[in-house]
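Following: one structure in structure tokens, then a few remarks.
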Amino acid sequence: MLRGLVRPQVQREQSVAERLAGLDEAAQVAVVLDVLREHIAAVLGHADPRAIDPEHPFQELGFESMTAVELRNRLTTAFGMKLPTTLVFDHPTPAALAKLLRERLNPETQAHEVVQSDLDQLELSLVAAAASPHRGAITNRLRAILAKWSEEESEEDTSFAEASAEDIFDFIDNQLGRATN
2 MLRGLVRPQV QREQSVAERL AGLDEAAQVA VVLDVLREHI AAVLGHADPR AIDPEHPFQE
62 LGFESMTAVE LRNRLTTAFG MKLPTTLVFD HPTPAALAKL LRERLNPETQ AHEVVQSDLD
122 QLELSLVAAA ASPHRGAITN RLRAILAKWS EEESEEDTSF AEASAEDIFD FIDNQLGRAT
182 N
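Just so we're aligned, residue 2 is where the sequence shown starts under my numbering, counting upward by one.
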């Protein structure tokens, strides 16, 4: 009689990224591939995701424009990342797509993509503000940001402007080989 008063606990399903934590690269690709095959099977109406051959091209599996978009939408939700509508056409097989998705789940890759996206937005803003009376102030700020970014680069990254003639000739000899007569 009291059982009806107690609600069963609903456990939250782990995200794909959480499932990958602590696994080596091969195991991560396998997990991503399993998730991918589940969604491919659902989109194509197959009962068994294991029937999806990871090396078989998407187009031969039966993908066309509408199913490609449906798969992309499912993967966007499952992986929590923005994906292009051309995903299955850009990556010919489920195996190739699994490797890409696994790489994109890597926190370092995600940070890089965020910065690249921000830089794309900045570029658009700069083009729009090209005729701004504040162009000089914007340029100075960009130079300050770049200088700060450059300071944080490794000491090994020296420019040719700071190198002596001997350093430049040594570099050329080491990279291109000595000229023989």
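Virtual Cβ for every residue (Gly too), placed ideally from N, Cα, C.
Sequence-distant residues of the same chain with beta carbon closer than 7 Å to residue i, five excluded per side
i, result
"Gln-29", "Leu-21 and Arg-103"
Three-state secondary structure (DSSP) of residue i
i, result
"Thr-140", "helix"
"Met-67", "helix"
"Ser-155", "Note that Ser-155 scores 49 on pLDDT, short of 50, meaning its location in the model is unreliable and no value can be drawn from it."
"Leu-62", "helix"
"Pro-50", "helix"
Residue i: first and last residue of the uninterrupted alpha helix (DSSP H) it sits in
i, result
"Ala-22", "Note, Ala-22: premise wrong, no alpha helix (DSSP H); not H, not E."
"Asp-35", "26-45"
"Pro-95", "95-106"
"Asp-54", "From DSSP, Asp-54 is part of no alpha helix (DSSP H); its letter is neither H nor E."
"Leu-84", "Careful: Leu-84 lies outside any alpha helix (DSSP H) and carries neither H nor E."
C-beta contact flag for residue i and residue j at 8 Å
i, j, result
"Thr-68", "Leu-34", "no"
"Ala-18", "Leu-72", "no"
"Pro-93", "Phe-59", "yes"
"Ser-16", "Gly-81", "yes"
"Asp-1", "Ala-42", "This structure cannot settle anything about residue 1, because the visible part of the chain is limited to 2 through 182."
"Leu-84", "Thr-78", "no"
"Ile-139", "Ala-145", "no"
Close-in-space but distant-in-sequence residues of the same chain around residue i (CB under 6 Å, 5 per side omitted)
i, result
"Ser-118", "none"
Same chain, Cβ closer than 8 Å to residue i, neighbours up to 5 away in sequence not counted
i, result
"Leu-24", "Val-32"
"Val-70", "Thr-86"
- Query: With a cut-off of 8 Å, do at least 3 Cβ pairs link the stretch 37-46 to the stretch 87-103?
  - Reply: Here the stretch 37-46 makes contact with the stretch 87-103; the two share three or more CB pairs at distances below 8 Å.
- Message: Pairs of beta-carbons, one from the stretch 85-93 and one from the stretch 48-55, closer than 8 Å: are there three or more?
- Response: The stretch 85-93 vs the stretch 48-55: no contact.
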